[in-house]
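First the structure, in the form of structure tokens, and then the observations on it.
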Amino acid sequence: MAIIKFPDGMKWGAATASYQIEGATSEDGRGPSIWDTFSKTAGKVVNGDNGDVACDSYHRYEEDIEIMKDLGITTYRFSVAWPRILPEGTGEVNQAGLDFYHRFVDKLIEIGIEPMCTLYHWDLPQALQNKGGWGNRETIDAFVSYAELMFKQFEGKIKYWITFNEPWCASFLSNYLGAHAPGFKDLQLATNVAHHLLVAHGKTVKKYRELNNEGGQIGYAPNVEWNEPFSNKQEDIDACRRANGWFIEWFMDPVFKGEYPSFMTEWFKEKEGVTVPILAGDMELIAQPIDFLGINYYTGSVSKHTDEGLLHHEQVNQGYQKTDIGWNVFPEGFYKVLVYIKDMYGNIPIYITENGSCYNDEPVNGQVKDKGRITYLRQHLTALRRAMDSGVNIKGYMTWSLLDNFEWAEGYSMRFGIVFVNYRTLERTKKDSFYWYKQTVKNNFIEI
Ligand code: JJW
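Just so you know, we're using the numbering used here here: the sequence shown kicks off at 700 and counts up by one.
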């Protein structure tokens, strides 16, 4: 038994997102989002599930906050549903939507939990999608107006803001791979969307600075994976460089260096005839300095060159353990990707805004023995500590997720929570991993 200690002041938290937990999709004036439309389109979501009820957190938020209080976390990362605030995306403000988040945030603050607010966690108002969504540059200004409204409303209450969650998913997974809303399969469209998300991010950061929010911080939260070359052959190294580059450099070079990674954009141009629609001034906007970087990490793999596919890259089955969603358990990749990011972009403060695992254990006599999740968390926190020892500037860690919830295209079939949700009764049951994480938060160390 050894003890791995975290520094004093380390923030510990849990994360969720609006569409995945709230339910109440047609209550109190909320407008429809692209996820309402997508989940109600046959064949898009496992079992035809949708977020109409989800965890019913819109009504049960006080119970959820009690759970957080028991867990002892310092920070809670949640997202705001844009269509609750602006049902049409722009124009008329829905006071009832604002009221809900005020009630919620006030309660969090009252019990001493710091809110970390994600402005965009994928629930784009459908009214904006009807005008082209993120493929349309006008959506950028619609987003900045919504963000400005939120900054003003919650000034002094919310001190940590995240513009975009997982822009890779919101662009390429959603508009090229077609797996998430709005479900298109068009690489040029997806590339445009990725660019518009980045410009919207930068414009929002600029707006936040203009508003002079004292003591507040703003960042964004890209998702990363780590691809380790199968061999030292140059073609394997290059294939991994592209796979990593799609998640990391594509979304971080513009923010930290004011330019796209040319090895990626040239590849897209040569192989697919796709180009980034950059207008004058865009790159300067995107490169606004941010206060912190959020990192979402779940998985990685050993990969090699193949002559097929967008990136001429394929994973090699190395016999790694897999979680119940089929993703490799790859904690070494967590360490490596964090060190890689530090080496490339410098020592910006980093919050792990998501890390967690899917294990579908259910209650037996009131107990959920999710050993797999505890092992996953222990291994990833060990890797995180190693990254900190290697100089990565980690300020906090938020596990995904507080609750089992609507896992997008997987519906309710895949459970990531440290609290079990019975989707029939909506009863919550704390899993073994909840108690393990509670101990970790309290101790500020883990035992390995
Ligand atoms: C990649 C699958 C091809 C969420 C991916 C699918 C390829 C048709 C979890 N993070 O629920 C990545 N999550 O809301 C945000 N992160 O490719 C939060 N990444 O399909 C969690 C899914 C994901 C993915 C899912």
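Glycine residues also receive a C-beta, built at the ideal position from the N, C-alpha and C atoms. Quantities reported herein were computed from a predicted structural model and do not represent experimental measurements.
For Ser1002, name the three-state secondary structure that DSSP assigns. For the purposes of this step, residue 1002 is taken as residue 303 along the sequence shown, with counting starting at 1. In this structure, Ser1002 counts as strand in the three-state DSSP scheme.
Use the C-beta contact count for Lys970: other C-beta atoms within 10 angstroms, 16 or more gives buried, fewer gives exposed. Walking along the sequence shown from the start, residue 970 turns up at place 271. Exposed.
From the DSSP output, which residues share a beta bridge with Gly918? Start at 1 with the first residue of the sequence shown, and residue 918 comes out as number 219. According to DSSP, Gly918 bridges with Ile861, Phe991.
Going by DSSP, which residues form a beta bridge with Asn1174? In the structure displayed, the chain extends from 700 to 1147; residue 1174 sits before or after that span and is not available.
Those runs of the beta strand (DSSP E) which lie wholly inside the stretch 958-991 and span at least 3 residues: none
For Met1043, is the classification buried or exposed, using 16 other Cβ atoms within 10 angstroms of its Cβ as the cut-off for buried? Within the sequence shown, the letter at position 344 stands for residue 1043. Exposed.
Between Gln1014 and the ligand JJW, is there a pair consisting of the residue's CB and a ligand heavy atom that are separated by less than 7 angstroms? Along the sequence shown, one-based indexing puts residue 1014 at 315. No, Cβ of Gln1014 sits at least 7 angstroms from all heavy atoms of the ligand JJW.
Would you grab the beta carbon distance between Pro786 and Arg729 for me? Rounded to a whole angstrom, and I think it's under 8 angstroms. Within the sequence shown, the letter at position 87 stands for residue 786. Within the sequence shown, the letter at position 30 stands for residue 729. Indeed, because the Cβ distance is near 6 angstroms, the residues count as touching under 8 angstroms.
Taking the straight line between their C-alpha atoms, what separation do you get for Gln1078 and Arg1072? Locating residue 1078 in the sequence shown gives position 379, where the first residue counts as 1. Locating residue 1072 in the sequence shown gives position 373, where the first residue counts as 1. The alpha-carbon atoms of Gln1078 and Arg1072 are separated by roughly 10 angstroms.
On a Cα-Cα basis, can you pick out the residue from Ala942, Gln828, Ser732 that is closest to Thr1005? Position 306 of the sequence shown, counted from the start, is the residue given in the question as residue 1005. If we check each option's Cα against that of Thr1005, Ala942 comes out closest.
Cβ of Leu876 within 7 angstroms of any heavy atom in the ligand JJW? Along the sequence shown, read from residue 1 onward, the residue named residue 876 stands at position 177. Correct: Leu876 has its Cβ closer than 7 angstroms to the ligand JJW.
For Phe962, does the count of other Cβ atoms within 10 angstroms reach 16, so buried, or fall short, so exposed? By 1-based counting over the sequence shown, the position of residue 962 is 263. So Phe962 counts as exposed.
CB-CB under 6 angstroms to Arg1080, same chain, minus the five flanking residues each way: which ones, in chain order? The residue labelled residue 1080 in the question sits at position 381 within the sequence shown. Looking at the sequence shown, residue 1080 is not Arg but Leu. The answer, listed in chain order, is Ile1145.
Assuming Phe850 and Tyr907 make a contact with CB atoms under 8 angstroms, what is their CB distance in whole Å? As a working mapping, residue 850 is identified with position 151 in the sequence shown. As a working mapping, residue 907 is identified with position 208 in the sequence shown. Going by Cβ atoms, the distance from Phe850 to Tyr907 rounds to 6 angstroms, so yes, they are a contact pair.
In this structure, how does DSSP classify Cys816 when only helix, strand and coil are distinguished? Counted from its first residue, the sequence shown places residue 816 at position 117. In the three-state reduction of the DSSP assignment, Cys816 falls in the strand class, which pools E and B.
Check: Asn1027 C-beta below 7 angstroms from any heavy atom of the ligand JJW: Translated into the one-based positions of the sequence shown, residue 1027 becomes position 328. No.
Consider the C-beta atom of Ala716 and the heavy atoms of the ligand JJW; say whether any pair is separated by less than 7 angstroms. Translated into positions along the sequence shown, residue 716 becomes position 17. Result yes, Cβ under 7 angstroms from the ligand JJW.
For Gly944 and Leu1010, what's the separation of their Cα atoms in angstroms? Here the question's residue 944 lines up with position 245 in the sequence shown. Here the question's residue 1010 lines up with position 311 in the sequence shown. Approximately 10 angstroms, taken between the alpha carbons.
Below 7 angstroms, is the gap between the Cβ of His820 and the nearest heavy atom of the ligand JJW? For this step, residue 820 is matched to residue 121 along the sequence shown. His820 Cβ: within cutoff of the ligand JJW.
With Gln852 and Leu797 assumed to form a contact (beta carbons below 8 angstroms), what rounded beta-carbon distance in angstroms separates them? Counted from its first residue, the sequence shown places residue 852 at position 153. Counted from its first residue, the sequence shown places residue 797 at position 98. The Cβ separation is near 6 angstroms, so the contact holds.
For Asp1029 versus Trp925, is the C-beta spacing smaller than 8 angstroms? Here the question's residue 1029 lines up with position 330 in the sequence shown. Here the question's residue 925 lines up with position 226 in the sequence shown. Looking at the sequence shown, residue 1029 is not Asp but Phe. Taking 8 angstroms as the Cβ cut-off, Phe1029 and Trp925 qualify as a contacting pair.
Nearest to Ile1051 by CA position, among Phe1033, Ser1112, Val1063, Tyr1134, is which residue? On the sequence shown, residue 1051 is found 352 positions in, with the first residue counted as 1. Answer by Cα proximity: Phe1033.
Can you tell me where the beta strand (DSSP E) holding Met1097 begins and where it ends? Along the sequence shown, one-based indexing puts residue 1097 at 398. That run of the beta strand (DSSP E) goes 1093-1099.
Taking only the alpha-carbon atoms, compute the straight-line gap between Gly957 and Pro988 and give it to the nearest angstrom. In the sequence shown, counting from the first residue as 1, residue 957 sits at position 258. In the sequence shown, counting from the first residue as 1, residue 988 sits at position 289. When rounded, the distance between both Cα atoms is 10 angstroms.
Return yes when the C-beta of Glu958 is under 7 angstroms from any heavy atom of the ligand JJW, and no when it is not. As a working note, residue 958 is residue 259 in the sequence shown. For the ligand JJW, not one heavy atom lies less than 7 angstroms from the Cβ of Glu958.
Exposed or buried, what is Arg759 when buried is set at 16 or more other beta-carbons lying within 10 Å of its beta-carbon? Counting from one through the sequence shown, the residue named residue 759 turns up at place 60. Arg759 comes out buried.
Which of the three DSSP states, helix, strand or coil, is assigned to Arg941? By 1-based counting over the sequence shown, the position of residue 941 is 242. Three-state DSSP puts Arg941 in a helix.
In whole angstroms, what is the alpha-carbon distance linking Thr774 and Lys1003? The residue you call residue 774 lines up with position 75 of the sequence shown. The residue you call residue 1003 lines up with position 304 of the sequence shown. The straight-line gap from Cα to Cα measures roughly 39 angstroms.
Gln828 versus Pro731, Lys905, Gly855, Asn864, residue with shortest Cα-Cα distance: Residue numbering aside, residue 828 sits at position 129 when the sequence shown is read from its first letter. When each option's Cα is compared against that of Gln828, the closest is Pro731.
Say yes only if the C-beta of Trp949 is nearer than 7 angstroms to one or more non-hydrogen atoms of the ligand JJW, and no if none qualify. Stepping through the sequence shown from its first residue, residue 949 is reached at position 250. Every heavy atom of the ligand JJW is 7 angstroms or more from the Cβ of Trp949, so no.
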